[in-house]
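For reference, the structure is listed below as structure tokens.
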Amino acid sequence: MSWKPLRSLAESESLLTAPGTVHEVETVFVDGRLQRVYKNLWPSLREFWLSAVSQYSDDTYVVYEDQRLTYSQVHARAVRAAGVFRDVFGIKKGDRVGICSRNCPDYLVAFWACHLIGAVSVLVNAWLPQEPLLHCLVNTQCKLVIFDPERADLMHSTIQKIQHTASEPVSFLVFDFKEHNNRVWEGIRSFGDSLNDYRVDGAGVVDTPIVVLPEDNATLIFTSGTTGLPKGVLSTQRQFLTNVYNVLVGGFRASIRRGEDTPKVQRTVPQKGTLVTVPLFHVTGSTSFSMMATMTGMKIILTRKWDVEEAVRYDKVFVLINVARVQQFLRLIKSENVSVAGGVPSMVTDLTLSSLVGHPLEGLLFGGAPAPATLVLRANKAFPTATMIQGYGLTETNSIAVSLAGEDYVARPSSTGRASPVNEIQIVSENKCVPAGVAGEVWLRGPNVMKCYWRDPEATNALITQDGWLKTGDVGYLDEEGFLYIKDRNIIIRGGENVLFKDSVTVENALYDDPRILEAAAVGVPDERLGELVAAIVSIRPEFQGQITEDTLIAHAKTRLPKFAVPVMIIILDTTFERTPSGKILKGELRKIARSHWELRRRGGNGKAGREALANL
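Dropping the structure here:
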């Protein structure tokens, strides 16, 4: 598709960042160097939350099953929780509070309680097995850890180990759920009981002066790293909050390019909502959508799992779908007057093949996994009234750094977009910046790039250069107009879940736990529904040749990996891997082998692995 925008890229950028707009920028010294930042960004999450409460006090903030709480009600509970954290558990500015839970209203209560007193919220991936969860909690040295009942079941036997390795006493709480009312775990106290027993007026939490600056620590969110264990991504207040504005850039640019007025962030009547089915411990669930909803006065509709029976009737709902059963989703769209939908390619594919085609959607989002260019064009044809929106980023950039929307996206369906007003992109090959059209590693820079990997300076220095460039590990190129095209990713994304970052060590280490394995390499194979699936290739030690099968290796992997990271196919080679002169495995060649095998299996009807993968949704 070719189109003639009413405004040039330069003119649109000037209007987007003009004085008085949401995206107005300024240049300031941050961490010893000049950076472009958003001028009107809140200095801290504390001030951000207090501003939202003052504007939307009586509006609904969170809905979960039969619970419905307003901004002021959540604030009152968060203030009380902050008082408990401070006065009962001794939490002060800069201390870390771990939240290890599925989505629920008290997750948001605990999050805001942390930031009311300047504590660092540690958002732990609750889907991990016990060993990596224990690593996260021990490594971050939290003074307080809050579980949901499932994680309390999983982790209560490790409490003494956590205490033994901590430099200070650690306290443990558990969120209250109706189905677990009578459960008791030794050493873990009820979150609700702790709040109810607190007799001090919590107003002092807000009235007590506390200075939280933009460069103070704010969050620790986990991803996987080069050791194969989760790494804590430490971000400052500014780094975390920058994405609240970045997530709006794509849609705003599309409107301006069409010749429309620069959009404004304003309250809507009737109130809109955000249906969040992705975990709040992900940057997508926390920074992109929950924080955006908080900024604009939307209600956050949380679900424990994707089940239409859990959805009550709301007004107009903004939906982010991760991995959902499409028929439930279709019923929700039609019954709830949903105007914006999207998610990973599997969901968008389902929509384009459903009876919903032609429904007057206003927006359709792509993200979380590679989106084929053909899908973008097919979706645009199926939903001609919808603005197509694409986002690209990492946990280490607190989600979106690059975005693309509207006619620009449809005209360039293979692109991931242009950098936000405060981000920069450069393409590097052999330690040199290469010109437009030449492929290399994608580097990103901006005020949303993480501060560091927690307690891992070696990994931090390997990822971020001294002048602030983050090496994504993705291969891509820029065109003459600054649009980014990703050609290859050293990251496998299964249904929106980042299986591993930078390399395949997480999956490979699990396979190497079997002493019969000589070499292991994890790669991604394409899948129309989930974007990519995890596959692996192994070679066997000579003394064990012929004694190991694919099924036994997959069964072994299931005992050591989260469900989404278990390979759907493991190829056993009779020879050792080809390597570079420096000894590095030639993963490009292995990826070709895996994709060829995967295609042959699909064509031959041997889709057992694929069917099992889909059955896990």
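Residue numbers for the sequence shown follow full-length UniProt numbering, beginning at 1 and rising by one. Here a beta-carbon is modelled for each residue, glycine too, at the ideal position from N, C-alpha and C. All of these numbers come straight from a predicted model, not from anything done at the bench.
Shown here, S539 sits in a strand according to DSSP, grouped into three states.
Exclusion of the five residues before and after F252 leaves L16, V22, H23, T262, P263 as the residues of its chain whose Cβ lies within less than 8 angstroms of its Cβ. Counting every other CB atom within 10 Å of its CB across the protein chains shown gives F29 a total below 16, marking it as exposed. Rounded to the nearest angstrom, the gap between the Cα atoms of L123 and Q547 is 42 angstroms. Ranked by Cα distance from T549, the options K558, T559, G531, I572 are led by I572. Residue environment for V37: buried (at least 16 other C-beta atoms within 10 angstroms of its C-beta). Between the stretch 92–100 and the stretch 200–219 there are three or more inter-stretch CB-CB distances shorter than 8 angstroms, so the stretches are counted as touching.
Its Cα nearest to that of P526, the residue A535 stands out among A382, V566, G391, A535. Secondary-structure assignment with DSSP links W598 through no beta bridge to anything.
In this structure, W454 sits near V233, with a CB-CB distance shorter than 9 angstroms. The beta carbon of Q67 is closer than 6 angstroms to those of P105 in its chain, skipping five residues each way along the sequence. Taking a 10 Å sphere around the C-beta of G202, we find 16 or more other C-beta atoms and assign the residue as buried.
Between the stretch 373–391 and the stretch 399–417, the count of Cβ pairs shorter than 8 angstroms is three or higher; the stretches touch. Nearest C-alpha to M298 among S420, Y56, H180, V109: Y56. Per DSSP, F29 lies in no alpha helix (DSSP H); the unbroken beta strand (DSSP E) holding it starts and ends at 25–30.
The beta carbon of G192 lies closer than 6 angstroms to those of D176 in the same chain, with the five residues before and after it left out. Beta-bridge annotation (DSSP): M388 is paired with L364. Nearest Cα to L248 within the set Q266, G259, Q237, S235: Q266.
Taking a cut-off of 8 angstroms on C-beta distances, the stretch 182–197 touches the stretch 145–158, as three or more cross pairs fall below it. With respect to the 9 angstroms criterion, G446 and L478 are not classified as neighbours on the basis of their beta carbons.
A contact between stretches requires three or more CB pairs, one per stretch, nearer than 8 angstroms, and the stretch 46–56 fails this requirement with the stretch 129–145. Here V357 is exposed: its Cβ has fewer than 16 other Cβ atoms, across all protein chains shown, within 10 Å. Looking at the backbone, the Cα of S415 and that of G588 are separated by about 22 angstroms. Per DSSP, the continuous beta strand (DSSP E) segment holding P230 begins and ends at 230–236. In the three-state DSSP reduction, C100 falls in the strand class (E or B). Rounded to whole angstroms, the gap between the alpha carbons of S420 and N448 is 10 angstroms. For the 9 angstroms CB-CB criterion, V62 and L116 do not form a contact. When the beta-carbon positions are compared, V206 and V79 come within less than 9 angstroms of each other. Shortest Cα-Cα distance from M450 to any of Q239, H180, A81 involves Q239. Taking 8 angstroms as the upper bound for CB-CB distance, V523 and A594 are in contact here, some 5 angstroms apart. In the three-state scheme derived from DSSP, where H, G and I count as helix and E and B as strand, T472 is classed as strand. Beta-carbon to beta-carbon, I301 and L275 are separated by about 4 angstroms, close enough to satisfy the 8 angstroms threshold.
When the alpha-carbon of F172 is set against those of Q141, R199, G250, N182, the nearest one is in Q141. The beta-bridge partner set that DSSP reports for R33 consists of V30. Of the candidates R151, D467, V348, N398, the residue whose Cα lies closest to the Cα of Q35 is D467. Counting along the chain, the unbroken alpha helix (DSSP H) around Q55 starts and ends at 45–56.
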